[in-house]
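Working notes, structure below.
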Amino acid sequence: MRLRRTMGAAAVLAACAAAGCERAEAGASATAVPVGMVLVPGGTFRMGSRGGPHDERPAHRVTVSPFLLDAREVTTAEFARFVQATRYVTDAEQWGWSGVFDVGSGRWQQVQGATWRHPEGPHAAAAAPDEPVTQVSWTDAQAYARWAGKRLPTEAEWEFAARGGLAGREYAWGDDLRPGGKPVANWWQGRFPDDNTVEDGYLLRAPVGRFAPTGYGLYDVAGNVWEWVADWYAADAYASHARRDPAGPATGSEKVLRGGSWACAENFCSNYRVAGRSHATPDTGLNNTGFRLARDLAAGPPRP
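With mature numbering (1 follows the signal peptide of the UniProt record, and there is no 0) applied, the sequence shown corresponds to residues -24 to -1, 1 to 280, in that order.
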């Protein structure tokens, strides 16, 4: 991706009984959880994949400390409140153009005036208030996080949380892409980029929280929009990962993206898999990329 310059506690228990769970950390259950966030208990899990792309290997054991994570991706309405309060100007607004995947042509395009308000461009529909904000760069996400009193999750935190307590599964809900024969997240059904059968009901972004949550109560960790995380990207990052609370390489030129998007399909990308990774420069904004935020347990209260 180089378009820039240069389910609740009961669900967890049920899933564990059926599939086996990773070992959880103790001592986090008494934490007060802010509205809109979930407590991720922390624990030890196998990060990455054994048979996936080279940058998902080696699969390795990692321990993550307990933390808080937004249950949903940050919405257009939430980002609008930030802009209203701070007069912030995004990277895409400063550049005057941004990357847009045009479903009509099946191609990525540089679109003048594409911003978080109009992700497909000024002549297309405005972003809905309840859909995930897009056309925001990693730098923009960092600015919002500082204002909100939160932070971007690390890549290890993101994957541990997305797995929801399930050990070694392909997807956030298990190993079957279509449980019951139906899509359970917003991705591209059909052959990308020529045909989208829209079985999930959404051609582009879905409003946040329209699909069932995963084990820790998180929505849309597969598909919908890619999510920025804190780490710098390196294809061989896992070879030297710290075994507890890894934070990725110290430097780099691109940041990691997780979760896949509405533009991922079985014949292309397929990074709605829970171990899937992508990357882009920190100033990149796209109409399929957003974020959600984390917070340390010891941090002060987030902005209401």
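Think of the CB as a built atom: it goes at the ideal place given N, C-alpha and C, for glycine as much as any other residue.
Handout entry: Supposed close pair F21, A104 - CB separation, criterion 8 Å
Key = The pair is not a contact, with the Cβ atoms about 34 Å apart (cut-off 8 Å).
Exercise for the section: Quick one: using the 10 Å Cβ neighbour count with 16 as the cut-off for buried, is H255 buried or exposed? Expected result: With 16 or more other Cβ atoms within 10 Å, it is buried.
Handout entry: Range of the contiguous alpha helix (DSSP H) that encloses D67
Key = 67 to 71
Practice task
Alpha carbon to alpha carbon, how far is P98 from V11? Give it in angstroms, no decimals.
Solution key: 34 Å
Handout entry: Entirely enclosed beta strand (DSSP E) segments - the segment 36 to 110, minimum 3 residues
Key = 36 to 40, 43 to 46, 73 to 78, 83 to 88
Exercise for the section: Would you kindly check if the distance between the Cβ of A213 and the Cβ of P225 is under 7 Å? Expected result: yes
Exercise for the section: Give me the Cα-Cα distance between A(-7) and W149, rounded to the nearest whole angstrom. Expected result: For A(-7), the predicted model reports a pLDDT of 38, less than 50, meaning its position is unreliable; a value from the coordinates is still stated below. So the two alpha carbons sit approximately 12 Å from each other.
Handout entry: Environment of P155 [buried if 16+ CB atoms lie within 10 Å]
Key = It counts as exposed.
Exercise for the section: Have a look at the DSSP bridge pairing and note the partners of K231. Expected result: W208, A256
Problem - Cut-off 7 Å between Cβ atoms - residues of its own chain near P159, not counting five sequence neighbours on either side - result: Q165, E175, D176
Problem - Proximity to R26 [Cα-Cα], best of W208, H36, N243 - result: Considering only alpha carbons, the answer is H36.
Practice task
Give me the Cα-Cα distance between H217 and L45, rounded to the nearest whole angstrom.
Solution key: 22 Å
Exercise for the section: Out of G235, A251, D170, R93, point me to the one whose CA is closest to R80's CA. Expected result: For the sequence presented, residue 80 should be read as Gly rather than Arg. Comparing Cα-Cα distances from G80 to each of G235, A251, D170, R93, the minimum goes to D170.
Problem - Reduced DSSP category for G191 - H, G, I as helix; E, B as strand; rest coil - result: coil
Practice task
Provide the residue(s) that pair with C245 in DSSP beta bridges, ordered along the chain.
Solution key: A241
Practice task
Report the residue from Y147, T257, E133 whose alpha carbon sits nearest the alpha carbon of T265.
Solution key: T257
Practice task
Can you grab the Cα-Cα spacing for the pair G75 / W163, in whole Å?
Solution key: 19 Å
Problem - DSSP-derived helix/strand/coil call for E146 - result: coil
Exercise for the section: Please classify G156: does DSSP put it in a helix, a strand, or coil? Expected result: helix
Practice task
Compute the Euclidean distance between the alpha carbons of G193 and E69, then round it to the nearest angstrom.
Solution key: For the pair G193 and E69, the Cα-to-Cα distance works out to about 34 Å.
Practice task
Return the residue from the list W134, A274, L273, G141 that minimises the CA-CA distance to G236.
Solution key: Just measuring C-alpha positions, the residue of W134, A274, L273, G141 sitting nearest G236 is W134.
Problem - Closest by C-alpha distance to A61, when choosing among F136, Y120, V38 - result: Y120
Practice task
State buried or exposed for N243, treating a residue as buried only when at least 16 other CB atoms are found within 10 Å of its CB.
Solution key: exposed
Exercise for the section: Determine contact between the segment 39 to 54 and the segment 107 to 114, defined as no fewer than three beta-carbon pairs at a distance below 8 Å. Expected result: Yes: at least three Cβ pairs fall under 8 Å.
Exercise for the section: Report yes if the C-beta distance between A251 and E54 is below 7 Å; otherwise report no. Expected result: In this structure, A251 sits away from E54, with a CB-CB distance that is not shorter than 7 Å.
Practice task
With a 10 Å radius around its C-beta and 16 neighbouring C-beta atoms as the bar for buried, classify P129 as buried or exposed.
Solution key: Per the 10 Å Cβ criterion, buried.
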